[in-house]
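Chemist: Our numbering puts the sequence shown at residues 18 to 195.
No residue lacks a Cβ here, since even glycine has one placed at the ideal position from N, Cα and C.
Since the model is a prediction, treat every value here as computed from it, not as a measurement.
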Amino acid sequence: MNEILKVIKERSSTRGYTAEKLTEAELGALIDAGLQAPTAANRQEIHFSVVDGENPILEEIQQEMLAGRGGGAAAPAHNFYYEAPVVIILSGNAAFSWSAVDAGIAVENIALAAESLGLGNVILGCIKDAMVGAKKEHFAKALGFPEGYEYEVAIAVGRKATTKEPHEYDAAKNVTRV
Ligand SMILES: Cc1cc2nc3c(=O)[nH]c(=O)nc-3n(C[C@H](O)[C@H](O)[C@H](O)COP(=O)(O)O)c2cc1C
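The structure is reproduced here in structure tokens:
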């Protein structure tokens, strides 16, 4: 099996990280992987906000997410990014209909690049309501989204403190050959 197929096969979501930061070389490789992703009409419109895991904006997003769930519930065991040392938040042009697809492709490029470097990662969609709710403009400004951009998806990356097998799948259910 070639290296790319091996990385695709072995990638899984990591939900526990050590506190160790990524090196600049690792971070650079992840950002490049995002920028190298194909985009519709080669618009290259996806924006990447690289956020240190200790940046208080992440705690603000966490609180907004919990408030949207009605608050009150017992505090979750982990925050939305599993205390990873870095979170990359992808935003796209709200007026461009392919931005969600482009962001999805870019975030998977980052996930596979991380896996290839031996880094854990998990794609994050759970903050969407918080990101597009009442504090949308505040979060967009704090995260440096370009004008007219909105949250698409995010990914946490770090060194694995936990491991998980890749998910199982059923080709008979999901695939039709015609
Ligand atoms: C668009 C998208 C959003 C996701 N959002 C979250 C999330 O908010 N929190 C989380 O823990 N995992 C999230 N995941 C990870 C999925 O739960 C995970 O990919 C799935 O369970 C399959 O497991 P695997 O990635 O280990 O193969 C998300 C994945 C995708 C593709």
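Going straight from the alpha carbon of residue 141 to that of residue 172, what length do you get?
Modeler: 5 Å
Chemist: According to DSSP, is residue 164 part of a helix, a strand, or is it coil?
Modeler: If DSSP states are grouped into helix, strand and coil, residue 164 belongs with coil.
Chemist: With H, G and I counted as helix, E and B as strand and the rest as coil, what does DSSP make of residue 126?
Modeler: helix
Chemist: Skipping 5 residues on each side, what residues in its chain have a beta carbon closer than 7 Å to that of residue 36?
Modeler: Here the set comprises 102.
Chemist: Just checking residue 141 against ligand 1 - is the residue's beta carbon closer than 8 Å to any of the ligand's heavy atoms?
Modeler: Within the cutoff, so yes.
Chemist: Restricting to Cα atoms, I'd like to know which of 122, 154, 47 and 174 is closest to residue 56.
Modeler: The residue with the shortest Cα to Cα distance from residue 56 is 122.
Chemist: DSSP beta-bridge partners for residue 30?
Modeler: 138
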